[in-house]
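Visitor: In the UniProt record's numbering, the protein residues as written are 5 to 357.
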Amino acid sequence: PTPYEIALIPGDGIGPELVDSAVQVLEAAAGPDIALRFTTEDAGADTYRRTGSALSDETFARLSGYAGILKGPVGLPEVRKPDGTEGGLLGGILRGGLDTYVNERPMTLLPGIDRPLRGTAPIDYVIVRENTEGLYLARGLGVGNDHACTDQLLMTRPGVERVVRYAFELARTRDGAPADGVRRVTCVDKSNVLRTFAFFRQIFDEIGEQYPDIERDYRYADAAGHDLVANPSHFDVLVMENFLGDILSDVGAATIGGLGMCPAGNIGDGTAYFEPIHGSAPTIAGRDLANPTSQILAAAMLADRIGAAGLAQRVRAAVRAAYEGGHIRILPTGSPEAGTAAATRAIIDALGD
Ligand code: NAD
Ligand code: IPM
Ligand code: MN
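#1: With DSSP run on the structure shown, which of helix, strand or coil describes R205?
#2: Here's a check: name, in chain order, each residue in its chain whose Cβ is nearer than 6 angstroms to the Cβ of residue 364, leaving out the five neighbours to either side.
#3: Nearest-angstrom Cα distance between residue 380 and V168?
#4: Grouping DSSP H, G and I as helix and E and B as strand, with all else coil, what is M111?
#5: Can A294 and R320 be called in contact, C-beta distance under 8 angstroms?
#6: Do G79 and G56 come within 8 angstroms of each other at the CB atom, strictly closer than that value?
#7: Please classify D209 as buried or exposed, where buried requires at least 16 neighbouring CB atoms within 10 angstroms.
#8: Measuring alpha carbon to alpha carbon, tell me which residue in R53, D103, E62, H238 is nearest P86.
#9: Under the three-state reduction of DSSP, which class applies to F239: helix, strand or coil?
#10: May I ask whether a heavy atom of the ligand IPM can be found less than 7 angstroms away from the beta carbon of I207?
#11: Counting only runs that start and end within the stretch 189 to 234, where is the alpha helix (DSSP H) found for 4 or more residues in a row?
#12: Say the cut is 7 angstroms; is the CB of I260 nearer than that to a heavy atom of the ligand MN?
#13: Who are K75's beta bridge partners in DSSP?
#14: If you measure from the CB of I18, is any heavy atom of the ligand NAD nearer than 7 angstroms?
#15: When we look at the beta-carbon of T190 and count the other beta-carbons within 10 Å, is it buried (16 or more) or exposed?
#16: Using a 10 Å radius around the Cβ and a threshold of 16 neighbouring Cβ atoms, would you call C266 buried or exposed?
#17: Which term fits D250, buried or exposed, when burial requires 16 or more other beta carbons within 10 angstroms of its beta carbon?
#18: I believe L306 touches L74 by the beta-carbon criterion, under 8 angstroms. Please report the beta-carbon distance rounded to the nearest angstrom.
#19: Please report the residue range of the beta strand (DSSP E) in which residue 2 lies.
#20: The alpha helix (DSSP H) with A342 in it runs from where to where?
#21: For R41, does the three-state DSSP call read helix, strand or coil?
#22: Any heavy atom of the ligand MN closer than 7 angstroms to the CB of I131?
#23: Sorted by chain position, which residues of the same chain lie with C-beta nearer than 6 angstroms to L158's C-beta, five sequence neighbours on each side aside?
#24: Which residues does DSSP pair with M244 in a beta bridge?
#25: Looking only at its chain, what residues have a beta carbon closer than 6 angstroms to the beta carbon of T43, apart from the 5 residues adjacent to it on each side?
#26: Our contact map puts V192 next to R223 with C-beta atoms below 8 angstroms; I'd like the distance itself, whole angstroms only.
#27: Mind checking if I13 is an interface residue toward chain D, Cβ cutoff 8 angstroms exclusive?
#28: Which residues in the same chain have their Cβ closer than 7 angstroms to the Cβ of Q28, if we skip the five residues on either side of it in sequence?
#29: Among G95, R109, A268, which has the Cα closest to the Cα of D103?
#30: Where does E327 sit, in a helix, a strand or coil, going by DSSP?
#31: Where does D128 fall in DSSP's three states?
#32: Quick one: using the 10 Å Cβ neighbour count with 16 as the cut-off for buried, is L335 buried or exposed?
#33: Hey, V243 and V132: beta-carbon distance below 8 angstroms or not?
#34: What is the DSSP secondary structure of V83, counted as helix, strand or coil?
Now the structure itself:
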């Protein structure tokens with residue numbers, strides 16, 4: 005078979021060990037019918053430290069030529085741009101540069117994970133985070149003068165429309181569902197205080213009217229934070245501004261076994277790239293302590309995107325089986341009890357179960 009060309013961006017901190025785990029799982033799951041060819045691309049904080057640029061123009065230009073991009077976390081807090089901000093050193097370049105306007109973050113509680121919460125209802129929802137504007141438009145502009153500082157929160161009509169439409173389409177088509185089976189999109193905003201968010205909610209309603217089969221649901225962001233912890237099984241698809249989505253996705257992660265359980269797709273009309281929601285976790289890097297599940301599930305999202313649905317399904321089933329069988333135990337710290345390598349092996353062993 006003609007190989008799928010996949011770019012790997014190992015990134016910083018725990019990134020290289022996670023990407024290595026995900027590649028092992030993809031190769032084991034591919035079988036004889038699917039060929040994958042991996043090419044490593046250099047980007048991130050360490051690249052910035054060595055070359056003065058987090059991502060060269062040549063590397064960036066090559067990225068859109070791949071069938072898929074699997075990225076590890078990037079950024080090291082001690083590596084800062086001359087303006088004093090760090091910002092992952094890459095998120096802005098890739099997300100804006102590739103116009104990946106959706107950051108899709110599925111939150112699924114797997115069997116065998118110790119619930120930090122009361123109750124037994126399933127948790128299975130998706131955060132759709134706007135990924136190119138909102139409060140993040142201001143990133144990387146420096147801290148200004150000593151006296152005062154402002155950041156701009158920009159929402160454009162096309163920018164809101166496209167991400168809201170994505171959320172409603174996802175609610176129609178995705179496999180998972182909330183506990184009560186009612187397909188819904190929850191608009192998370194702060195429209196009671198900020199006019200940008202009132203604008204967001206207005207457009208949410210306009211687009212939502214075109215989806216009469218999907219329930220329209222609303223939460224102010226503070227209450228959304230509460231309900232994601234207190235009643236997560238209510239949610240199906242949630243759509244929100246960039247900064248809110250950043251915070252609330254890490255909140256959601258805490259209810260399903262930690263950041264190491266959570267993949268993300270940065271998705272546009274053209275190129276997409278897949279990564280964990282978490283960062284480079286520098287304090288646990290190189291110590292076999294990182295949970296590779298986030299990166300492995302990101303690889304499954306990538307497989308879906310490139311049209312290898314069978315491969316995606318096999319990877320997800322193996323992850324689920326490894327947890328269900330008790331072959332991976334996640335400690336309260338977020339690390340797999342037996343280590344990164346053993347967790348990876350447990351998933352590979354579960355392929356075909
Ligand atoms: P972080 O997500 O790296 O770590 C937060 C906490 O979660 C730490 O205790 C860490 O040890 C733990 N953790 C994270 N992933 C884990 C995993 N797979 N298994 C077990 N434990 C895990 O956040 P941070 O420390 O605030 O940021 C570190 C760096 O990562 C910063 O430079 C930040 O800008 C960057 N970052 C990058 C991305 C990205 O590339 N998309 C995302 C978030 C943060
Ligand atoms: C994420 C990260 C990034 C963000 C940082 C590293 C710029 O936290 O992907 O969630 O805030 O978007
Ligand atoms: Mn984040």
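We put the beta carbon where it would ideally sit given N, CA and C, even for glycine.
Guide: To lay it out plainly:
#1: helix
#2: No information on residue 364 is available, as it lies outside the stretch 5 to 357 that the chain covers here.
#3: Residue 380 cannot be examined here, being either before or after the span of the chain that is shown, 5 to 357.
#4: strand
#5: no
#6: no
#7: exposed
#8: R53
#9: coil
#10: no
#11: 199 to 212, 225 to 234
#12: no
#13: I13
#14: yes
#15: buried
#16: buried
#17: buried
#18: 6 angstroms
#19: It is not possible to answer for residue 2, since the shown part of the chain is limited to 5 through 357.
#20: It is not in any alpha helix (DSSP H) - A342 carries neither H nor E in the DSSP assignment.
#21: strand
#22: no
#23: E137, L141
#24: R133, V192
#25: A11
#26: 5 angstroms
#27: In the structure shown, chain D does not exist; there is a single protein chain.
#28: T348, I352
#29: G95
#30: Residue 327 is actually Tyr in this sequence, not Glu. DSSP places Y327 in helix when its eight states are reduced to three.
#31: strand
#32: exposed
#33: yes
#34: coil
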